[in-house]
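> For my numbering, add 1358 to where a residue sits in the sequence shown, where the first one is 1. All residues carry an ideal CB built from backbone N, CA and C; glycine is no exception.
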Amino acid sequence: MLKLIQEDWGRFDLALEGDEEQDAVATLIHAALFTDAEVPAPSDRVDDAYDRRGWWADPKAGSGLWHVRRQPLNDDARREALEEAREALRQRASALTDVAVSEIPSPMEEAGNVSRLFLRVTGAHNGRRFVVKVSL
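(1) Enumerate in chain order the residues of its own chain whose CB-to-CB distance from Ile1387 is below 6 Å, with the five nearest sequence positions on each side excluded.
(2) Output the distance between the C-alpha atoms of Ala1446 and Ser1464, rounded to the nearest integer angstrom.
(3) Nearest-angstrom Cα distance between Ala1482 and Gln1449?
(4) Less than 8 Å separating the beta-carbons of Val1383 and Leu1454?
(5) Just to confirm before moving on: does the CB-CB distance between Thr1385 and Leu1362 stay below 8 Å?
(6) Mind checking Ser1421: buried by the 16 CB within 10 Å criterion, or exposed?
(7) Going by DSSP, name the residue or residues bridged to Glu1396.
(8) In the DSSP output, what is Arg1448 paired with across the bridge?
Dropping the structure here:
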C-alpha cells in the first residue's frame, strides 16, 4: 500500500510498507490536516487576496492549520491548532469514528522551546482502534 510518511515540519514522503490498516488511517489523518483549505474571500486572516491557498477543485478540502503556522506559538495558537485539527478530521475524515485529538506534552517545553506542537489522534476505523501521533 502507498502511504504518506511525515518527515519533518509538514514535509512528507511516500512509502510502500507496513501495517496496511494503520497506514491507511495515518495517511487519511495526514491528508486531512496538511492539505491547505482555502480562505473564503474577503478575509481578515490573509493580507493578500491572492494568497488564500486551497485547491480550486475543492476549496474546503483540508484544514486551516496553515493559518496557525503563520503566528507565534502561544496558548491561543495551541488552542486554535487543536480546534482546527478536530474540525478538519470531523469534516474530512468521516471514515474515522470516536476521534479524539489531544496535545502531547513535549519534553522540549521544559527547556523553553515552544516552537512545535505534538498531537495524539485516537479513534476507530472499521472497528479497530488506532493511535496516530502528528507533529505540527
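The short version:
(1) Translated into positions along the sequence shown, residue 1387 becomes position 29. Same-chain partners within the cutoff: Val1479, Val1490.
(2) Here residue 1446 is taken as the residue at index 88 of the sequence shown, counted from 1. Here residue 1464 is taken as the residue at index 106 of the sequence shown, counted from 1. Going from the Cα of Ala1446 to the Cα of Ser1464 covers about 23 Å.
(3) What you label residue 1482 is simply residue 124 of the sequence shown in a count that begins at 1. What you label residue 1449 is simply residue 91 of the sequence shown in a count that begins at 1. Their Cα atoms are separated by approximately 16 Å.
(4) Here residue 1383 is taken as the residue at index 25 of the sequence shown, counted from 1. Here residue 1454 is taken as the residue at index 96 of the sequence shown, counted from 1. The answer is yes: Cβ separation under 8 Å.
(5) Start at 1 with the first residue of the sequence shown, and residue 1385 comes out as number 27. Start at 1 with the first residue of the sequence shown, and residue 1362 comes out as number 4. Yes. Within cutoff.
(6) Translated into the one-based positions of the sequence shown, residue 1421 becomes position 63. Label assigned to Ser1421: buried.
(7) Position 38 of the sequence shown holds residue 1396. According to DSSP, Glu1396 bridges with nothing at all.
(8) Position 90 of the sequence shown, counted from the start, is the residue given in the question as residue 1448. Arg1448 pairs with nothing; no bridge assigned.
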